[in-house]
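Here the structure comes first, spelled out in structure tokens, and everything after it is commentary.
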Amino acid sequence: MAELSSASPRDVVDQSERRWTYVVAGVVAFVFAVIVFSGVHWAAQPPSNVETIDASRLHLSGEFMEANLGTEVQPDGSAIVRVVAQQYSFVPQCIVVPAGTRVVFRVTSPDVVHGFLVAGTNVNSMVVPGFVAEVRTRFDKPGEHVMPCHEYCSVGHEGMWARVKVVDRSEFARAYGGQPRASCARQ
Ligand code: CUA
151 MAELSSASPR
161 DVVDQSERRW
171 TYVVAGVVAF
181 VFAVIVFSGV
191 HWAAQPPSNV
201 ETIDASRLHL
211 SGEFMEANLG
221 TEVQPDGSAI
231 VRVVAQQYSF
241 VPQCIVVPAG
251 TRVVFRVTSP
261 DVVHGFLVAG
271 TNVNSMVVPG
281 FVAEVRTRFD
291 KPGEHVMPCH
301 EYCSVGHEGM
311 WARVKVVDRS
321 EFARAYGGQP
331 RASCARQ
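Heads up: the sequence shown at position 87 corresponds to 237 in my numbering, and the numbers run straight through without jumps.
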């Protein structure tokens, strides 16, 4: 008590300001550590692919025609998955990929901005009409992931989602090997 009464109001203010500075510095350091951890641990990557496409002609010709959508296995065993995100669905509605190999998603939109996110993985990108979003990843274990649209794209937004089914490589070859562009959409 004696200490308190001898301190001038100004000292008390200085002291509490200093304490507050430490708290704020601690919070900033914590947030920074979380960003570094998630960046390194989850291999988070900014969607940095700048590749343009004519959004009004996607269905007429080229890479994003309907017959070319889905999973294309490359000679080296990796996979390219082409997806169209549109109001209010993804095509294909069910994406199937082999486990334990490199997977490249290429996604675009013919209408408005959508979101492309595969739950439980580092896949997370905006899908902007006029651009091709490209995300590289790898699924180590077989399983299912939900794939909701996470950018508000008008009234049907909350109903816009798809699934990603990861199957092991031999199962993939057996069940989907016959399809030039595989998907699990109609099964
Ligand atoms: Cu598409 Cu929200």
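Just so you know, even glycine gets a beta-carbon here, dropped at the ideal spot from N, CA and C.
query: By how many angstroms is the C-alpha of Val184 removed from the C-alpha of Met151?; result: Any reading at Met151 must be qualified, since the residue scores a pLDDT of 49, below 50, and its modelled position is unreliable; no value is offered.
query: Val268 and Val314: beta carbons closer than 7 Å?; result: yes
query: Only counting runs of 3 or more residues, tell me where the beta strand (DSSP E) segments fall wholly within the region 227-309, in order along the chain.; result: 229-236, 239-241, 244-248, 252-258, 264-267, 274-277, 283-288 and 293-298
query: Any chance the CB of Glu201 is under 6 Å from a heavy atom of the ligand CUA?; result: no
query: DSSP three-state label for Ala152, please.; result: Only weak support is given to the placement of Ala152: the predicted model assigns it a pLDDT of 49, under 50, and the value that follows is read from those uncertain coordinates. Ala152 falls in the helix class under three-state DSSP.
query: Tell me whether Glu321 sits in a helix, a strand or coil according to DSSP, three-state version.; result: helix
query: On a CA-only basis, which of Gly327, Arg207 and Pro260 is nearest Pro225? Give me that one, please.; result: Gly327
query: Evaluate contact between the region 208-227 and the region 286-293, counting only Cβ atoms and requiring at least three cross-stretch pairs below 8 Å.; result: no
query: With H, G and I counted as helix, E and B as strand and the rest as coil, what does DSSP make of Glu167?; result: helix
query: Note down the Cα distance separating Val234 from Phe240, rounded to an integer number of angstroms.; result: 6 Å
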